[in-house]
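Asks: Following our numbering, the numbering of the sequence shown begins with 2 at its first residue and continues without gaps.
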Amino acid sequence: MKTRFESQRIYLTGGTGFLGSAVQAELRSRGVTDIEAPSSAEVDFCDRAAADAAIRAAAPDTVIHLAARVGGIGANMAAPADLYLENLLLGTNVIEACRHAGVDKTVIVGTICSYPKHTPVPFEETSLWTGYPEETNAPYGIAKLAHLVHLQANRAQYGQRGAYVMPTNLYGPGDKFHPDVSHVIPALIRKCVIARETNADEIEVWGTGGASREFLYVEDAARGIVDAAERYDGPEPVNLGSDAEILIKELVEIITEVTGFQGRIVWDSTRPDGQPRRSVDASRAREYFGFEATTDFRDGLRTTVEWYESNRQEAEARRN
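Structure below.
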């Protein structure tokens, strides 16, 4: 292994996606130039042999696994088996390919969807095994949590070094705005912009607005992931968060303000709210590798809306 981080060869799965592009930018800002980030069309990491061959050929010092199949509540309800199996295979194959190739450090990006539905807020990493995830997220969340167990088991048996980090809900420029796969912030931004343009009197939003979430700007998340890659090697999972919990009702009000939509909000309470509350304790990240989020939420939303309106065709076409 090269001792200086900036001189390492870094390999990213999912490196051309929303979070991956931000991680690439963060690596380059730290002087890392030897980065390989194949697209899913170039390497199918659901195929064990393809994953082994790709990582062995690249011979990286560090692998950061970002590739995932994700979606909002609707996508999770429509294709739970696909989300479970694809995500399980992606992480399993990457971890084993890294072990086979002798990669010095394997960084796995998990999800806070793995936490039990009624985890006390803020979520602490020690609560991961205290219950079952929220039903609409369970297949995805459990598949991702299996990678934590896998990495811990490989560390114990084979000495495989690595880190497992769990960002809270992400947002920012480059997000996916296609209605089939978008999460709450891009979905609401798109809905409000269209309503403003068409002079609609109202928009409909799923749920009651009573659920809460914590959001992390994508550039902050990228910085936390690279901090972990550079400075953390341990078996314990680590939350990445912003320490700012917000009700979905308040989120909708802010997005209508930022997008300029002035109509009514109609809440469809027959639709699910998802997990009642999500906010994480990010103290481990501060303690283990000095990470803290710095982006003001309203500023991040404004930047995201501006990016969407300037890159609308690209934003609405992206599915991964």
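Don't be surprised by glycine CBs; every beta carbon is placed ideally from N, CA and C. These figures come from a predicted structure and were not determined experimentally.
Below 8 Å, how does it come out for the segment 258-268 and the segment 225-244: are there three or more Cβ pairs, yes or no?
Replies: Because the criterion of three Cβ pairs below 8 Å is not met, the segment 258-268 and the segment 225-244 do not touch.
Asks: Return the chain-ordered list of same chain residues with a C-beta closer than 7 Å to the C-beta of G21, the five sequence neighbours on each side being excluded.
Replies: The residue labelled residue 21 in the question sits at position 20 within the sequence shown. Correct list, in chain order: L13, G15, A38, L67.
Asks: Count Cβ pairs between the segment 197-204 and the segment 272-286 that sit closer than 8 Å; are there 3 or more?
Replies: Short answer: they don't touch.
Asks: Of the residues A157, V166, T304, G210, which one's Cα is nearest the Cα of S284?
Replies: In the sequence shown, residue 284 corresponds to position 283, counting from 1. Nearest option by C-alpha distance: V166.
Asks: Counting pairs of Cβ atoms below 8 Å between the segment 152-167 and the segment 98-113, do you hit three or more?
Replies: Short answer: they touch.
Asks: Can you grab the Cα-Cα spacing for the pair T93 / H148, in whole Å?
Replies: Here residue 93 corresponds to residue number 92 of the sequence shown, with the count starting at 1. Here residue 148 corresponds to residue number 147 of the sequence shown, with the count starting at 1. One C-alpha to the other measures close to 6 Å.
Asks: What is the DSSP secondary structure of D35, counted as helix, strand or coil?
Replies: Your numbering for residue 35 matches position 34 in the sequence shown. In this structure, D35 counts as strand in the three-state DSSP scheme.
Asks: Look at the alpha carbon of D234 and the alpha carbon of W130, and state the distance between them as a whole number of angstroms.
Replies: By one-based count along the sequence shown, residue 234 stands at place 233. By one-based count along the sequence shown, residue 130 stands at place 129. For D234 and W130, the distance between alpha carbons rounds to 22 Å.
Asks: Quick check on the DSSP output: the alpha helix (DSSP H) that includes P88 runs from which residue to which?
Replies: For the purposes of this step, residue 88 is identified with residue 87 of the sequence shown, where counting begins at 1. The sequence given here has Asn at residue 88, not Pro. Start and end: 81-102.
Asks: Given a cut-off of 8 Å on the beta-carbon distance, is the pair S243 and F216 in contact?
Replies: Here the question's residue 243 lines up with position 242 in the sequence shown. Here the question's residue 216 lines up with position 215 in the sequence shown. Against a cut-off of 8 Å, the Cβ pair of F216 and S243 comes out as a contact.
Asks: Where does the unbroken alpha helix (DSSP H) through R57 begin, and where does it stop?
Replies: Locating residue 57 in the sequence shown gives position 56, counting from the first residue. First-last of the alpha helix (DSSP H) with R57: 49-59.
Asks: Using the Cα positions of V44 and A144, report the straight-line distance between them to the nearest angstrom.
Replies: Against the sequence shown, residue 44 aligns to sequence position 43. Against the sequence shown, residue 144 aligns to sequence position 143. In a straight line, the C-alpha of V44 is about 21 Å away from that of A144.
Asks: Between R31, A222, R272, F292, which has its C-alpha nearest T137's C-alpha?
Replies: Residue mapping note: residue 137 aligns to position 136 of the sequence shown, counting from 1. T137 has its Cα closest to that of R272, out of R31, A222, R272, F292.
Asks: Are the beta-carbon atoms of V267 and G210 separated by less than 8 Å?
Replies: Along the sequence shown, read from residue 1 onward, the residue named residue 267 stands at position 266. Along the sequence shown, read from residue 1 onward, the residue named residue 210 stands at position 209. Not a contact, by the Cβ cut-off of 8 Å.
Asks: DSSP three-state call for K250: helix, strand or coil?
Replies: For this step, residue 250 is matched to residue 249 along the sequence shown. Residue state, collapsed to three classes: helix.
Asks: Determine, using beta carbons only, whether K177 and F46 come nearer to each other than 8 Å.
Replies: On the sequence shown, position 176 is the one that residue 177 refers to. On the sequence shown, position 45 is the one that residue 46 refers to. Not in contact: K177 and F46 (Cβ atoms no closer than 8 Å).
Asks: How many whole angstroms separate the CB atoms of A245 and F298, which I take to be in contact at a CB cut-off of 8 Å?
Replies: Here the question's residue 245 lines up with position 244 in the sequence shown. Here the question's residue 298 lines up with position 297 in the sequence shown. Right, their Cβ atoms sit about 6 Å apart.
Asks: Measure the alpha-carbon distance for D202 versus S270 and round it to whole angstroms.
Replies: Along the sequence shown, read from residue 1 onward, the residue named residue 202 stands at position 201. Along the sequence shown, read from residue 1 onward, the residue named residue 270 stands at position 269. The alpha-carbon atoms of D202 and S270 are separated by roughly 19 Å.
Asks: Using the three-state DSSP reduction, which class does H119 fall into: helix, strand or coil?
Replies: Your numbering for residue 119 matches position 118 in the sequence shown. The answer is coil: DSSP assigns H119 none of H, G, I, E or B.
Asks: Based on Cα-Cα distance, which residue from G291, V150, L302, N155 lies nearest to H101?
Replies: To locate residue 101, count along the sequence shown from 1; it is residue 100. Here the closest residue by C-alpha is N155.
Asks: Is Q158 buried or exposed, if buried means 16 or more other CB atoms sit within 10 Å of its CB?
Replies: Taking the sequence shown and counting its residues from 1, the one referred to as residue 158 is at position 157. By the neighbour-count rule (16 or more Cβ atoms within 10 Å), Q158 is not buried but exposed.
Asks: Any idea what DSSP makes of H151, helix, strand or coil?
Replies: As a first step, residue 151 must be located in the sequence shown, where it is residue number 150. Helix.
Asks: Assuming the contact rule is C-beta atoms closer than 8 Å, A212 and G275 should be a hit. Round their C-beta distance to whole Å, please.
Replies: By one-based count along the sequence shown, residue 212 stands at place 211. By one-based count along the sequence shown, residue 275 stands at place 274. That belief holds up - the Cβ atoms of A212 and G275 are roughly 6 Å apart, short of 8 Å.
Asks: How long is the line joining the alpha carbons of E27 and D35, rounded to whole angstroms?
Replies: The residue you call residue 27 lines up with position 26 of the sequence shown. The residue you call residue 35 lines up with position 34 of the sequence shown. Rounded to the nearest angstrom, the two C-alpha atoms are 13 Å apart.
Asks: Can you give me the start and stop residues for the beta strand (DSSP E) that E215 sits inside?
Replies: Reading the sequence shown from its first residue, position 214 is the one you call residue 215. Taken as a continuous stretch (DSSP letters only), the beta strand (DSSP E) holding E215 covers 213-218.
Asks: Using a Cβ-Cβ cutoff of less than 7 Å, which residues in the same chain neighbour R287 once the five nearest sequence positions on both sides are dropped?
Replies: Taking the first residue of the sequence shown as position 1, residue 287 is located at position 286. So the list reads E293, once near-sequence residues are dropped.
Asks: Mind checking which residues open and close the alpha helix (DSSP H) that includes G21?
Replies: As a first step, residue 21 is located in the sequence shown; it is residue number 20 there, counting from the start. Start and end: 19-30.
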